[in-house]
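Numbering (this note's numbering), first residue to last: 4 to 308.
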């Protein structure tokens, strides 16, 4: 039950992050303003982790560090949040987290020669179908310019896939990785951002508080803690099934917060992507551990793969 609650918490935070980010970048703030809040606050909160673990450049290498920062740090955020200026939150919820496992699989197959079973391949095909349903329909009948957001969302998903493989090879913990990514992102971004000028001082304080809470505390820290707890209790594959609810949560929250009602093609795409992520995670069809195996894996602290 703790694992289920943790996974649902992470999915709810990530779904609301998409909606709140779109609200910010289409009203009073720019993607650069939101990015500053996204990395400055977690960098301060996670600074004790960085002081304890160090910058780890020798341990990880400059190349892997740069890939992790690009994949889930400032470049990823700017690409993704810029896409939210063009396309609805429901599209972001489906294309951004939905395409991530697809790109991870493509990179793993090409770089690491990883192979996938028929169930996971079926999941990847469902994800592709969902992307086509959303992108194809809105390219023909949707609002002009939405395709720009779709391209940026897919670009963000590709960047996250790069981060996933780089993190897998880095050999460090999730908290250390988060501390490094937030630190390097804000160190490189803050001087340029502050020199160019900020809208934050002119932003109404309710909007500023909402963005700071969502970007800095919930997405930057709490979601990481919740996702780690979910993976530890349920295993990575089963946790991913619940995380696949993120597109649904984003679409539902966008109705009251943004007034964005998904069209039938978007609803179909969200269903296909969510089901595809559940299948592609490997949880469906995976063998359950025996009682003895469960006790053994519990002692060793392993998770499903």
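Quick reminder that beta carbons are idealized off the backbone N, C-alpha and C, glycines included.
Legend entry - Extent of the continuous alpha helix (DSSP H) to which residue 247 belongs: Taken as a continuous stretch (DSSP letters only), residue 247 belongs to no alpha helix (DSSP H), as it is neither H nor E.
Legend entry - Residues near residue 106 in its chain [Cβ-Cβ closer than 6 Å; skip 5 each side]: 160, 161, 164
Legend entry - residue 107 in three-state terms, based on DSSP: Helix, per DSSP.
Inset, instruction - Work out the CA separation of residue 198 and residue 8 for me, nearest whole Å. - result: 42 Å
Inset, instruction - Whole angstroms is fine: what's the gap from residue 317's alpha carbon to residue 110's? - result: Not covered by the structure: residue 317. The range shown for the chain is 4 to 308.
Inset, instruction - Would you kindly check if the distance between the Cβ of residue 278 and the Cβ of residue 129 is under 9 Å? - result: yes
Inset, instruction - Measure the CB-CB distance between residue 96 and residue 273 and report whether it falls below 9 Å. - result: yes
Inset, instruction - Hey, could you find the ends of the alpha helix (DSSP H) residue 220 is sitting in? - result: Careful: residue 220 lies outside any alpha helix (DSSP H) and carries neither H nor E.
Legend entry - For residue 261, three-class secondary structure by DSSP: In the three-state DSSP reduction, residue 261 falls in the helix class (H, G or I).
Inset, instruction - Starting from the C-beta of residue 6, find all residues in its chain whose C-beta is less than 6 Å away, skip the five residues before and the five after it, and write them out in chain order. - result: 233, 236, 237
Inset, instruction - Just mark residue 71 as buried or exposed, buried being the case when its beta carbon has 16 or more other beta carbons within 10 Å. - result: buried
Legend entry - N- and C-terminal bounds of the alpha helix (DSSP H) containing residue 65: Residue 65 -> alpha helix (DSSP H) spans 65 to 75.
Inset, instruction - Run the CB neighbour count on residue 117, radius 10 Å, all protein chains shown included, and call it buried at 16 or more, exposed below. - result: exposed
Legend entry - Nonlocal neighbours in the same chain, by C-beta distance under 6 Å from residue 268, ignoring five residues either side: 136, 140
Legend entry - Test item: CB-CB of residue 33 and residue 210 under 9 Å: no
Legend entry - Closest Cα partner of residue 20 within the set 256, 276, 58, 151: 256
Inset, instruction - Taking all protein chains shown into account, decide if residue 115 is buried (16 or more other Cβ within 10 angstroms of its Cβ) or exposed. - result: exposed
Legend entry - CB contact flag (residue 144, residue 68, <9 Å): no
Legend entry - Separation of residue 271 from residue 52, as counted between CA atoms: 42 Å
Legend entry - Same chain, Cβ closer than 6 Å to residue 35, five either side skipped, listed in chain order: 196
Legend entry - Element boundaries [alpha helix (DSSP H), containing residue 56]: 50 to 56
Inset, instruction - Return the Cβ separation of residue 98 and residue 153 in integer angstroms, given the expectation that the two are a contact with Cβ distance under 8 Å. - result: 6 Å
Inset, instruction - Determine the extent of the alpha helix (DSSP H) in which residue 180 is found, giving its start and end residues. - result: 177 to 199
Inset, instruction - Identify whether residue 31 lies in helix, strand or coil by the three-state DSSP scheme. - result: Of the three classes helix, strand and coil, the one that applies to residue 31 here is coil, per DSSP.
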